[in-house]
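A.B. asks: This is the structure I want to talk about, given as structure tokens.
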Amino acid sequence: MSATYTGGCQCGAVRFRVRGELKDASICHCRMCQKAFGAYYAPLVSTRGAELTWTRGERKTFQSSNYVKRGFCGDCGTPLTYEAPDGVAVAAGAFDDPSQLPPVVQYGTEAKIDFVDRLHLLPGHRTEEDAEQAPFVLELVSYQHPDHDTAAWPAETGQ
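The sequence shown begins at 6 in this note's numbering and counts up one residue at a time.
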């Protein structure tokens, strides 16, 4: 019996399922990935050898180079895919449980920003610890899709 992973965008308009072994999680530091994710690097999980199925909605794509398309949700903008001739990789953070997919390799290190290796040294705080400076954090209500499949979305009755 093979593993099954699910995920989707933050608004729930696009959902996916991957059946099979996922063993090639990576981080890409190239400038195109930085821009596509709006981040210092892009965490991606290759779906080569597995079955990727889109279970709700359709992603939009942007042709970011002569070989690569980037998939994203057209409603909320969540980055979803890196699509190249050698296969499709899915954004690690779009999986319902990204902790199951730790990266095993880094790519594009020529564009790696030097402070990335020191991020773990920064002080860390839980969200509620910021309440004195930003009291609204104690009253946040998430409108994001939950980290599991739903029969319909948006929810009609508080799913």
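No residue lacks a Cβ here, since even glycine has one placed at the ideal position from N, Cα and C. As the structure is a computational prediction, the values presented were derived from the model and not from experiment.
Roughly how many angstroms separate the alpha carbons of residue 70 and residue 144, rounded to a whole number?
C.D. replies: Here residue 70 corresponds to residue number 65 of the sequence shown, with the count starting at 1. Here residue 144 corresponds to residue number 139 of the sequence shown, with the count starting at 1. Roughly 42 Å separates the two Cα atoms.
A.B. asks: Quick check: residue 63 and residue 73, are their CB atoms within less than 8 Å of each other?
C.D. replies: Position 58 of the sequence shown holds residue 63. Position 68 of the sequence shown holds residue 73. No, the pair does not count as a contact, with Cβ atoms beyond the cut-off.
A.B. asks: In chain order, what residues of the same chain lie with their CB nearer than 8 Å to the CB of residue 112, ignoring the 5 residues before and after it?
C.D. replies: Sequence index remark: in the sequence shown, residue 112 carries index 107 (1-based). Excluding sequence neighbours, residue 112 sits near 31, 32, 33, 34, 35.
A.B. asks: Apart from the five residues on each side of it in sequence, which residues of its chain come closer than 6 Å, Cβ to Cβ, to residue 58?
C.D. replies: In the sequence shown, residue 58 corresponds to position 53, counting from 1. Exclusion of the five residues before and after residue 58 leaves 22 as the residues of its chain whose Cβ lies within less than 6 Å of its Cβ.
A.B. asks: What does a CB cutoff of less than 7 Å around residue 121 pick up in its chain, not counting 5 residues either side in sequence?
C.D. replies: In the sequence shown, residue 121 corresponds to position 116, counting from 1. The beta carbon of residue 121 lies closer than 7 Å to those of 45, 46 in the same chain, with the five residues before and after it left out.
A.B. asks: Shortest alpha-carbon distance to residue 29 belongs to which of 151, 92, 150?
C.D. replies: As a first step, residue 29 must be located in the sequence shown, where it is residue number 24. Nearest C-alpha to residue 29: 92.
A.B. asks: Scan the segment 72-119 and note each continuous beta strand (DSSP E) run of 3 residues or more that stays entirely inside, going in chain order.
C.D. replies: 74-77, 84-89, 92-96, 110-112
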